[in-house]
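Notes follow once the structure below has been shown.
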Amino acid sequence: MSTPMVASTKAARHALITSLLQRGMVHSQGELAALLADEGVTVTQATLSRDLVELRAVRIRTAEGALVYAVPGEGGDRTPTTADAEHLAARLSRLCAELLVTAEASGNLVVLRTPPGAAQFLASAIDHSVLPTVLGTIAGDDTVLVISRDPDGGDALAARFLSLAGDG
1 MSTPMVASTK AARHALITSL LQRGMVHSQG ELAALLADEG VTVTQATLSR
51 DLVELRAVRI RTAEGALVYA VPGEGGDRTP TTADAEHLAA RLSRLCAELL
101 VTAEASGNLV VLRTPPGAAQ FLASAIDHSV LPTVLGTIAG DDTVLVISRD
151 PDGGDALAAR FLSLAGDG
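Residues 1 to 168 in UniProt numbering are what the sequence shown spells out, letter by letter.
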C-alpha cells in the first residue's frame, strides 16, 4: 500500500483538519497540530487558529463533559459533529440500503448505480466513512466510481457494498 501524499494547499489542509476532527476527539489546538504533523503537515498556531475559524469549527462538550473541536456537518448542516466510526458505518449501511441499485467490479474499480440524483450523496457517505480499502470516489448523477487501494480489490469491495445494502 502506498503512502498518501498530502498536497500543501490550504484546501488540502482544511480537508485533513475536517477529517481529523470527524474521526476522533481533539481537545486542543496543540493536539490537532500534533495530529497534522503525524500526517506530514506542519502549521503554526496562528495558521491553525485561522483554519479553525474558516472551517467554522467550534468546541462542544461531550457526554463525558470534555470539550472537543467539531466541524459543521455536510450538506449545509450547521450542527457541529464529531462523528465516530460506528456512526459513520451505520450511516453508510443505511444509505447503501436506500440508494444502492447495483455494484459491479473490474480490477480495483467498483461501479455503484443509484437512482438518478443520488450518486453524489452516496459517494460523500463513502468518503466520510473513511474506509481503509477505498482510495477515493467519483460521482456522477446515478453512478459512483469507487477506487480500491488493492489492485485486485474491486470484487471484495463490491461485495461489501452489496452486503451493506442487504444489512441496512
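Each residue gets a CB set at the ideal place from its N, CA and C atoms; glycine is no exception.
- In this structure, Asp51 is the residue among Ser28, Leu32, Asp51 with its C-alpha nearest to the C-alpha of alanine 11.
- For the set Gly65, Ala57, Arg61, the Cα lying nearest the Cα of valine 71 is the one of Ala57.
- One Cα belongs to aspartate 152, the other to arginine 160, and the distance between them is close to 14 Å.
- Apart from the 5 residues on each side of it in sequence, arginine 113 sits with its Cβ closer than 7 Å to the Cβ of Val101, Thr102, Asp142, Thr143 in its chain, given in chain order.
- As a beta-bridge residue in DSSP terms, glutamate 104 pairs with Val111.
- Here histidine 128 is not near glutamine 45, since their CB atoms are 9 Å or more apart.
- By the CB criterion at 9 Å, serine 148 and alanine 139 fall outside the cutoff.
- Arginine 61 sits in a strand when the DSSP states are folded into three classes.
- DSSP lists Ile147 as the bridge partner or partners of glycine 136.
- When DSSP states are grouped into helix, strand and coil, valine 130 belongs to the coil group.
- Just so you know, the alpha carbons of alanine 158 and alanine 105 end up roughly 6 Å apart.
- Under the DSSP assignment, valine 68 falls in the beta strand (DSSP E) whose first and last residues are 67-72.
- Between arginine 13 and valine 41, the beta carbon gap of about 6 Å places them in contact (Cβ cut-off 8 Å).
- Ranked by Cα distance from threonine 133, the options Ser49, Leu122, Glu98, Leu109 are led by Leu109.
- For aspartate 150, same chain residues with a beta-carbon under 7 Å away, outside a window of 5 residues either side, are Asn108, Thr133 in chain order.
- The beta carbon of proline 116 lies closer than 7 Å to those of Asp141, Asp142 in the same chain, with the five residues before and after it left out.
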